[in-house]
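Each protein sequence line maps, in turn, to chains A and B.
Numbers in my numbering are just positions in the first sequence, counted from 1, shifted up by 48.
Numbers in my numbering are just positions in the second sequence, counted from 1, shifted up by 585.
Note that beta-carbon positions come from the ideal geometry of N, C-alpha and C, so glycine has one too.
These numbers were taken from a predicted model, which means no experiment stands behind them.
The next block holds one structure in the form of structure tokens; read it before the comments.
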Amino acid sequence: MSIKSFREALNEALWQEMERDHRVVLMGEDIRGGNGGSAGEVEAYGGVLGVTKGLWSRFGSSRVIDTPITESALLGMAAGSAVTGLRPVADLMFMDFFGVSHDMLYNQAAKFRYMFGGKARTPMVVRGMIGAGYGAGAQHSQSPYNIFATTPGLKVVVPSSPYDAKGLLIQAIRDDDPVVFCEHKTLYKLEGEVPDEPYTIPFGMARYTREGDDVTIIALAAMVQQANIVADKLAAEGISVEVVDPRTISPLDEESILESVEWTGRVVIVDESAARVGFAHDVAALIASRGFHALKAPIELVTPPHTPVPFAPSLEQAWVPNAARIEAAVRKVLEA
Amino acid sequence: MPDKHGLLKAYRKMREIREFEERLHVENTTGEIPGFLHLYTGQEAIAVGICEHLSDRDYIGSTHRGHGHCIAKGCDLNGMMAEIYGKETGLCRGKGGSMHIADLERGMLGANAIVGGAPPLAVGAALSAKTLETGGVAVSFTGDGGSNQGLVFEAMNMAVVLQLPVIFVFENNGYGEGTGHDYAVGSRDIAGRAEGFGLPAVKVDGTDFFAVYGAMGTAVARARSGQGPSVIEAVAMRWHGHYEGDAMLYRAAGEVAELRANRDPLELFLKRIEEVIPQEDIDAVDREVALAIDEAVARARAANPPAADQVFTDVYVAY
């Protein structure tokens, strides 16, 4: 066990899976970088945020495949190679770019198994960054995991810690279904304890990052860190907050969510995806239909407003859910 | 040119496609077949001319008009017919239908109801072949309508960049739904456009089996020897509408009659081989194929529909 960053944990997962299984290949723009430039054979990038650094030097161009900026062909190639024997990990870079390429995931990879009567396996992973906080503007800051989760056939992973990032990515690569792996861009430098050896975390198994009695906060990715801040702060006031991180939203660990709601009776759901028809609304519906009897207060949702992600830091900070808004929501459900 | 055995095999495949499609044209009027049908009649020489160069290790990706490709690639006629009828004995157990017939064991990656869907998937299959060193190649079929899709251009570029063993076959059958290729393909020349991507590209008469077979021979030899992708544009007008029930108001009177009289791929084939293959051998194939299609329809009609609980299965390998 040693301290590693979220980025290092992902890199280690890719490295170890590529060592283990020759069918695992990486593909995406600049996952190596430097192809065709004037500098000759170099590894110029290793991914725009360095997640795939060093992998080309170790595994070479046949397994670390730099592609043009061509998201449709990238996900199509991933889908077509997955259903014929490879285990590709496609790097979409920013998950926002799914808009360019979604047919290959939405109409093709996600449906092969069903449409073909259970005779296909499509073991592909699509990695991509999500999240606001970097001033990256409306087309590089979204968290569209809710959109992926509406599609039967896809699995959707949204890790919040280095430990989870490694274990869930290894699980994603070994999984026989298409997996969308959402990496919040503000988490890459987050450090935590990560075992050196390979390990997997099963999908559909939530983690309680804080245990408490008074209020349940359900959160994903960077919002788990914000929820933990709130839980730790309120603990000093004698308010006991439980934080549930589902870690995957398809499959979703409904039982752990409902168990916590049964215990506390008060719920705040934090979700960076959408003000409408998002993850928060799905979980709220679950609780309303199956945990209503336990509720002592209306469910409180903390989401962005129904607007694109703004650019100016002052606006972006107003847009994205944060600890202050989560704290206000917790106090509201306690007062109800 | 194939040997005598190969010629008779190619003829049998084309006859199977013809009988299969013409029988569906009739059976569809009974109301027993759910959904849409897009028939391949008139284009038989393309699917067969291409697939006669392929084996089960090679993959093809198809279109919404995919029955001909499936038959040419070796899909089981009974399984196909049952699938089209939505029965549990179908190749996809009744969950795919006419537009999604697939058989991965035969290297059939699926008919595809998204226009232009196959080329990126074929690029992926070609990547598998190259990376896993199977010796296989991949082929995508796309229509003139699909040739205008952006992801098709992306797929061609990717194949050139990565030098993959893939052949992009564009079947120019005259119309994308009800819109003429002479309107929708801006350059009016799909093969010429492909050359701009750095691919060798040829344009052939898609009613001429031998022209298609020859062009594919060159393309597949390139692909198998590591020289990269190619494009074939094969021109053969379809005889039926976009879908069964299409009144074809966009076609001039007499256009289809002219095709039937002068551009029938099977008749053109028979003329070329009449001195090589005895007529009695042809007649025997015709009889056998007619019986096989009769049996496929009878079996499909008699088969059970999938049980209702099957709606829930096969979404994931594990969830």
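- Taken in chain order, the members of the stretch 704-720 of chain B whose beta-carbon sits within less than 7 angstroms of a beta-carbon on chain A are Pro-705, Leu-706, Ala-707, Val-708, Gly-709, Ala-710, Leu-712, Ser-713, Thr-716 and Leu-717.
- Close to Lys-658 (chain B), with beta-carbon spacing below 8 angstroms, lies no residue of chain A; the smallest spacing is near 14 angstroms.
- Inter-segment contact for the stretch 691-704 of chain B and the stretch 722-729 of chain B is present: three or more beta-carbon pairs are separated by less than 8 angstroms.
- Residue range 751-757 is occupied by the beta strand (DSSP E) that includes Phe-755 (chain B).
- Beta-carbon to beta-carbon, Ile-656 (chain B) and Ile-602 (chain B) are separated by about 5 angstroms, close enough to satisfy the 8 angstroms threshold.
- Identification of chain A residues near Lys-680 (chain B) by a Cβ-Cβ cut-off of 7 angstroms yields Tyr-162, Met-163 and Gly-165, ordered along the chain.
- The alpha-carbon separation between Gln-812 (chain B) and Leu-363 (chain A) amounts to approximately 53 angstroms.
- Listed in chain order, the non-local C-beta contacts of Phe-142 (chain A) below 7 angstroms within the same chain comprise Gly-176, Met-177 and His-188, local neighbours out to five positions each way being set aside.
- Taking 8 angstroms as the threshold, the shortest C-beta distance from Met-141 (chain A) to chain B does not fall below it.
- Rounded to whole angstroms, Ala-322 (chain A) and Ser-191 (chain A) show a C-alpha spacing of 8 angstroms.
- Put simply, the CB of Ala-883 (chain B) is far from chain A, with every gap to its CB atoms at 8 angstroms or more.
- Under the Cβ distance rule, Asp-899 (chain B) counts among the residues neighbouring chain A, one pair being separated by less than 8 angstroms.
- Taking Leu-140 (chain A) as the centre and dropping the five residues before and after it, the same chain places the C-beta of Gly-76, Glu-119, Leu-122, Leu-123, Phe-146, Ser-149, Val-174, Arg-175 and Gly-176 closer than 8 angstroms to its C-beta, in chain order.
- Think of a sphere of 8 angstroms around the beta carbon of Val-805 (chain B): no beta carbon from chain A falls inside it, the nearest being about 17 angstroms out.
- Using a Cβ-Cβ cut-off of 7 angstroms, Met-66 (chain A) is close to nothing in chain B; its nearest Cβ partner there is about 12 angstroms away.
- Going by DSSP, Asp-151 (chain A) is part of the alpha helix (DSSP H) stretching over 146-151.
- Close CB contacts of Gly-179 (chain A) within its chain, under the 7 angstroms cut and outside five residues either way in sequence, are with Ser-189, Ser-191, His-232, Lys-233, Thr-234, Ala-269, Ala-270 and Glu-320 (chain order).
- Secondary structure of Val-272 (chain A) (DSSP, three-state): helix.
- Checking the DSSP bridge columns, you'll see Pro-136 (chain A) partnered with A:Val-73.
- In the DSSP assignment, Glu-818 (chain B) falls outside any alpha helix (DSSP H) and within the unbroken beta strand (DSSP E) covering 815-820.
- Within the stretch 335-373 of chain A, the complete alpha helix (DSSP H) segments of 4 residues or longer fall at 361-367, listed in chain order.
- One alpha carbon belongs to Phe-795 (chain B), the other to Met-586 (chain B), and they sit about 7 angstroms apart.
- For the stretch 117-130 of chain A, the set of residues with a beta-carbon nearer than 9 angstroms to any beta-carbon of chain B comprises Thr-118, Glu-119, Ser-120, Ala-121, Leu-122, Leu-123, Gly-124, Met-125, Ala-126, Ala-127, Gly-128, Ser-129 and Ala-130, in chain order.
- Straight-line spacing of the CA atoms in Tyr-182 (chain A) and Leu-97 (chain A) works out to 13 angstroms.
- Contact check for Pro-226 (chain A) and Ala-158 (chain A): beta-carbon distance about 6 angstroms, within the 8 angstroms limit, so the pair qualifies.
- Assignment of Arg-650 (chain B) by DSSP, reduced to helix, strand and coil, places it in the coil class.
- Approximately 5 angstroms separates the beta-carbon atoms of Ile-347 (chain A) and Val-315 (chain A); this is inside 8 angstroms, confirming the contact.
- Under the DSSP assignment, Asp-224 (chain A) falls outside any beta strand (DSSP E); it carries neither an H nor an E label.
- The C-beta of Met-743 (chain B) comes closer than 8 angstroms to at least one C-beta of chain A.
- When only Cα atoms are considered, Asp-793 (chain B) and Ile-631 (chain B) end up about 8 angstroms apart.
- With respect to the 8 angstroms criterion, Ala-267 (chain A) and Val-309 (chain A) are not classified as neighbours on the basis of their beta carbons.
- Annotation: Val-242 (chain A) to Ile-218 (chain A) spans about 13 angstroms, alpha carbon to alpha carbon.
- In the displayed model, Ala-707 (chain B) falls within a helix according to three-state DSSP.
- Taking 7 angstroms as the cut-off between beta carbons, the residues of the stretch 60-86 of chain A near chain B are Val-73, in sequence order.
- Around the C-beta of Tyr-162 (chain A), 16 or more other C-beta atoms lie within 10 Å, and the residue is accordingly described as buried.
- For the stretch 100-113 of chain A, the residues whose beta carbon sits under 9 angstroms from a beta carbon of chain B are, in order, Ser-110, Arg-111 and Ile-113.
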